[in-house]
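When we follow full-length UniProt numbering, the leftmost residue of the sequence shown carries the number 1, and every step to the right adds one. Cβ atoms here follow ideal geometry from the backbone N, Cα and C, with glycine treated the same way. Below: the structure, in structure tokens.
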Amino acid sequence: MGSSFSWLAPFPSPWLSGIMNYPQHFFLEKAIEKASSVFPSWRDGTTAHERSAILSRWSYLIKENTDDIATIMTLESGKPIQESQGEVAYGASFLDYYAAEAIRPTSAGGGFLTPTPFTTAEGGPRGKVIAVQEAVGVTALITPWNFPIAMITRKVGPALATGCTALVKPSELTPLTAIALKTLADRAGVPDGVFDLITCDSDATPDVGKEMCSNILVKKISFTGSTRVGKQLMKLGSDTVKRLSLELGGNAPFIVFEDADINQAVNAAMASKFRNAGQTCVCADRFLIHASVEEEFLLKLKEKVNQLSVNPGIDKGTTMGPLISSSAVLNVQKKVSEALDDGAECIAGGSPLEHLGPHFFEPTILRNVSLESRIWNSETFGPVAAIRTFETEEEAIQVANDSSTGLAAYFCSKDLARVFRVAGKLENGLVGVNDGIISTASAPFGGVKESGFGREGSQLGIAEYLNTKYIFLNV
1 MGSSFSWLAP FPSPWLSGIM NYPQHFFLEK AIEKASSVFP SWRDGTTAHE RSAILSRWSY
61 LIKENTDDIA TIMTLESGKP IQESQGEVAY GASFLDYYAA EAIRPTSAGG GFLTPTPFTT
121 AEGGPRGKVI AVQEAVGVTA LITPWNFPIA MITRKVGPAL ATGCTALVKP SELTPLTAIA
181 LKTLADRAGV PDGVFDLITC DSDATPDVGK EMCSNILVKK ISFTGSTRVG KQLMKLGSDT
241 VKRLSLELGG NAPFIVFEDA DINQAVNAAM ASKFRNAGQT CVCADRFLIH ASVEEEFLLK
301 LKEKVNQLSV NPGIDKGTTM GPLISSSAVL NVQKKVSEAL DDGAECIAGG SPLEHLGPHF
361 FEPTILRNVS LESRIWNSET FGPVAAIRTF ETEEEAIQVA NDSSTGLAAY FCSKDLARVF
421 RVAGKLENGL VGVNDGIIST ASAPFGGVKE SGFGREGSQL GIAEYLNTKY IFLNV
């Protein structure tokens, strides 16, 4: 039998332990073999409408158990309870979307016919060109701790809709949320082996990743996490030429132009930067404010930041919770200290909140941040807004694009021509205009450059789990 593992959550509790650990190759190989063995019956033995109905039931059960799931999520990850409740709804929305998408012809093993006969070559036979979509097979889905429901449903939803089977390796920091999802999936009627969890501690995680990438029965890897690990998975999957989707790190710019509605810009900045204590891959990190509106923007931003209630996420009224670990706090503290040494000015926050525990850091605003500072050049994953000014649109775009990553970007402007011009020049997979939270199940989510490739959500998300087969029919 396998062992179990424990972990230190932002809210240590005696029941955050005893989760099944899968370090042994035997257990993981058996799980992969099981997913492979049930794949044909799931793909061919269920109709698109049956798979759609199961996804709908799963979504219903998730929403019906919102309070319990949100409580588990908050205790594991630390995010404020209202954010956890919001994520439950957000996660369920992917199942609703893919339940509807499952019955579309291109998602359910359909395809297209050419309208008139074609020839294969000059003088060749006349025939019909047929293209069909087929489920890729066994999928291995690796998800992070910061959105422990939505990142699972965003991957499992389209996988199951197309007829794939799914093995999910959730973060070792939020396994209970994943187990709650799996329990409800079973109740919704997902057959045994079609959706399984591989839970393990951080020591076993590299071995699990290697097996998923090297096992020939696994046909598709989808990973959300750091750029460093994403690159490792690409290398590991190359020997068996795995189909890959990678949603990796970001370092999002947030530009406020001189014609922006400053109140709207501040609200968007607060939503993007301080949600989940800044621990999202799409949160704004690098703020570029036009020099003519910097003082007004900073005054209003500081006022909003000072209104944040930083406390344990389970407490009523908390608007910003802890970071995921004490090491995360140390990382943020080091980056802030380095930025100050490089000449930045701290106008709000800047320190750990030790009286609340080892996982808390003040919401922080730094101005005049150097372009050479680590806090500017790398993803912060913490509640720090690093701010610089600019003079021209061209300068703002150049600085915003000066990054190895390209996941999300945001800007605020009331000039419609500028909106389309700047959106077109930003080197990012997602662009938010006059808003700080833009993700939705019906929109394609993903990055460019070292932020990865592939898309989740929307019809493009379901295409990640389909192969296209061309058939020529001689008529």
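With a CB to CB cut of under 8 Å and the five nearest residues on each side skipped, what residues in its chain are close to residue i?
i, result
"Ser292", "Glu258"
"Met1", "The predicted position of Met1 is uncertain, since its pLDDT is 43 and thus under 50; no value can be drawn from it."
"Ala35", "Val138, Thr165, Ala166, Leu167, Gly193, Val194, Asp196 and Leu217"
If you count every other CB in all the chains shown that lies within 10 Å of the CB of residue i, and 16 or more means buried, which is it?
i, result
"Asn251", "buried"
"Pro14", "Any reading at Pro14 must be qualified, since the residue scores a pLDDT of 45, below 50, and its modelled position is unreliable; the value itself is stated next. Exposed, by the Cβ-count rule."
"Asp285", "buried"
"Ala386", "buried"
"Lys334", "exposed"
"Thr183", "exposed"
"Phe381", "buried"
"Pro170", "buried"
"Gln279", "buried"
"Ile198", "buried"
"Tyr470", "exposed"
Residues in its own chain within less than 7 Å of residue i by CB, not counting five upstream and five downstream?
i, result
"Glu391", "Ala291"
"Leu55", "Leu95, Tyr98, Ala99, Ala102, Gly157, Leu160 and Ala161"
"Ile462", "Tyr98, Glu101, Ser107, Pro158, Ala161 and Thr162"
"Leu353", "Val310, Phe360, Phe361 and Glu362"
"Asn276", "Lys79, Glu83 and Asn146"
"Met151", "Thr143, Pro144 and Thr224"
"Ser326", "Pro358 and His359"
Using a Cβ-Cβ cut-off of 6 Å (strictly less than) and excluding sequence neighbours within five positions of residue i, which residues of its own chain qualify?
i, result
"Ala344", "Leu366, Asn368 and Val369"
"Leu441", "First, the amino acid is wrong: residue 441 is Ala here, not Leu. Within the same chain, Ala441 has close Cβ partners Ser93, Phe94, Tyr97 and Gly457."
"Thr227", "Leu248, Gly249 and Glu450"
"Phe287", "Phe254, Ala385 and Ile387"
"Gly78", "Pro10, Gly313, Gly321 and Pro322"
"Thr389", "Ile289, Ala291 and Glu294"
"Tyr90", "Ala150"
State the start and end residues of the unbroken beta strand (DSSP E) segment that holds residue i.
i, result
"Arg388", "Val384 to Phe390"
"Ser93", "No beta strand (DSSP E) contains Ser93, which is instead part of the alpha helix (DSSP H) from Ile81 to Glu101."
"Phe411", "Ala408 to Cys412"
"Lys169", "Thr165 to Lys169"
"Gly432", "Leu430 to Val433"
"Phe195", "Phe195 to Leu197"
Three-state secondary structure (DSSP) at residue i?
i, result
"Asn368", "coil"
"Ser37", "helix"
"Asn251", "coil"
"Trp15", "Note on Trp15: pLDDT 48, under 50, position unreliable in the model; the coordinate value appears next. In this structure, Trp15 counts as coil in the three-state DSSP scheme."
"Arg243", "strand"
"Asp44", "helix"
"Arg455", "coil"
"Ile375", "helix"
"Met1", "Note that Met1 scores a pLDDT of 43, beneath 50, so its modelled location is shaky and nothing firm can be said."
"Thr227", "helix"
"Tyr465", "coil"
"Phe381", "coil"
"Asp341", "helix"
"His290", "strand"
"Gly127", "strand"
"Asn146", "coil"
"Ile62", "helix"
"Tyr450", "According to the sequence shown, residue 450 is Glu rather than Tyr. Coil, per DSSP."
By the DSSP assignment, the alpha helix (DSSP H) with residue i in it spans what residues?
i, result
"Gly209", "Thr205 to Ser214"
"Gly157", "Ala150 to Thr162"
"Pro175", "Pro175 to Ala188"
"Ile72", "Thr66 to Ser77"
"Lys425", "Leu416 to Lys425"
"Phe274", "Ile262 to Phe274"
"Val399", "Glu393 to Asn401"
Taking Cβ to Cβ, would you say residue i is nearer than 8 Å to residue j?
i, j, result
"Glu134", "Asn467", "yes"
"Phe39", "Val168", "no"
"Pro363", "Val282", "no"
"Pro148", "Thr177", "yes"
"Phe274", "Pro322", "no"
"Ser373", "Ala339", "yes"
"Val190", "Trp58", "yes"
"Asn401", "Glu427", "yes"
"Ala140", "Ile221", "yes"
"Gly436", "Gly446", "no"
"Ala265", "Phe297", "yes"
"Val336", "Ile375", "yes"
"Leu430", "Leu407", "yes"
"Gly237", "Cys213", "yes"
"Leu181", "Ile324", "no"
"Gly424", "Leu246", "no"
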